[in-house]
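Sequential numbering of the sequence shown, starting at 503, is according to this note's numbering. Idealized CB from N, CA, C, for every residue including glycine. Okay, structure first, notes after.
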Amino acid sequence: MPTATPTQPGPLSSEQRASLQQSIEAVVVAHANLVDTPDAEADNALRLLAASSAGLQICEGLQKEAVGKARQAGRSWADLGTLMGITRQAAQQRFTPTGSKEWFVKEWLATWEGSEIKVRNSWNDGLKLFVDGEQVAETRQVFALDKTRPVAAATVARPDGKSYLVEVFAYALFSVSVKIVVDGKQIAGEVF
503 MPTATPTQPG PLSSEQRASL QQSIEAVVVA HANLVDTPDA EADNALRLLA
553 ASSAGLQICE GLQKEAVGKA RQAGRSWADL GTLMGITRQA AQQRFTPTGS
603 KEWFVKEWLA TWEGSEIKVR NSWNDGLKLF VDGEQVAETR QVFALDKTRP
653 VAAATVARPD GKSYLVEVFA YALFSVSVKI VVDGKQIAGE VF
């Protein structure tokens, strides 16, 4: 089975698409339980419809899961749209849950000595700092114009009894830029 190169995900080549199409068609036909009799054409069409519809639902579920994981990992709508052969806007509209205000949410992720550090900023909830899934700081500050002063900070204890300082610096006027700093060293986010 062909596999993608792990370093540069990209759209499938025409050869990969043809191979994938053959594989999918073979699986759908095998699961349709087609009958080889002269009067079974209409029933076979319904069997094929049922199997292909189930396959489509499974593929759409896999695609939705992949989009969610890619977004959690910080991939942009433009990256995802390119891989799916659609625009950034089409990808966002298709995969943003109904009623969601995700276009007002931005997240930054980093890892520090085995801990996951996440900064989540939204128009409604402000900026929140999480370490290993636990919220440790927040601010509802709407504008952040002083790039030299952290907008959120927390001292986090390590299992060995020592601690480290996580600081979030932000610049926010019309859009938000964030940098995550641990013990004085920037580990993620934008440079400003």
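Beta-ladder partner(s) of residue i, from DSSP
{"i": "residue 682", "result": "670, 690"}
{"i": "residue 619", "result": "612, 633"}
{"i": "residue 640", "result": "630"}
{"i": "residue 665", "result": "659"}
{"i": "residue 624", "result": "607, 628"}
Distance, residue j Cα to residue i Cα
{"i": "residue 591", "j": "residue 692", "result": "23 Å"}
{"i": "residue 620", "j": "residue 544", "result": "55 Å"}
{"i": "residue 594", "j": "residue 535", "result": "37 Å"}
{"i": "residue 686", "j": "residue 524", "result": "54 Å"}
{"i": "residue 530", "j": "residue 554", "result": "6 Å"}
{"i": "residue 611", "j": "residue 549", "result": "46 Å"}
{"i": "residue 664", "j": "residue 689", "result": "19 Å"}
{"i": "residue 527", "j": "residue 559", "result": "15 Å"}
{"i": "residue 519", "j": "residue 587", "result": "13 Å"}
{"i": "residue 568", "j": "residue 575", "result": "10 Å"}
{"i": "residue 513", "j": "residue 583", "result": "10 Å"}
Spatial neighbours of residue i in its chain, beta-carbon cut-off 7 Å, leaving aside the 5 residues before and after
{"i": "residue 506", "result": "Per-residue confidence for residue 506 stands at a pLDDT of 49, beneath the threshold of 50, marking its modelled position as unreliable; the derived number appears in the next sentence. Hits under 7 Å: none found."}
{"i": "residue 511", "result": "585"}
Three-state secondary structure assigned by DSSP to residue i
{"i": "residue 653", "result": "coil"}
{"i": "residue 607", "result": "strand"}
{"i": "residue 542", "result": "coil"}
{"i": "residue 575", "result": "coil"}
CB-CB length for residue i against residue j, believed under 8 Å
{"i": "residue 684", "j": "residue 666", "result": "6 Å"}
{"i": "residue 678", "j": "residue 655", "result": "Incorrect: roughly 17 Å between the Cβ atoms, too far for contact."}
{"i": "residue 631", "j": "residue 640", "result": "7 Å"}
{"i": "residue 607", "j": "residue 596", "result": "No, residue 607 and residue 596 are not in contact; Cβ-Cβ is about 17 Å, not under 8 Å."}
Min CB distance residue i to chain C below 7 Å
{"i": "residue 596", "result": "Given the protein chain composition of this structure (a single chain), no chain C is represented."}
Sequence-distant residues of the same chain with beta carbon closer than 8 Å to residue i, five excluded per side
{"i": "residue 532", "result": "none"}
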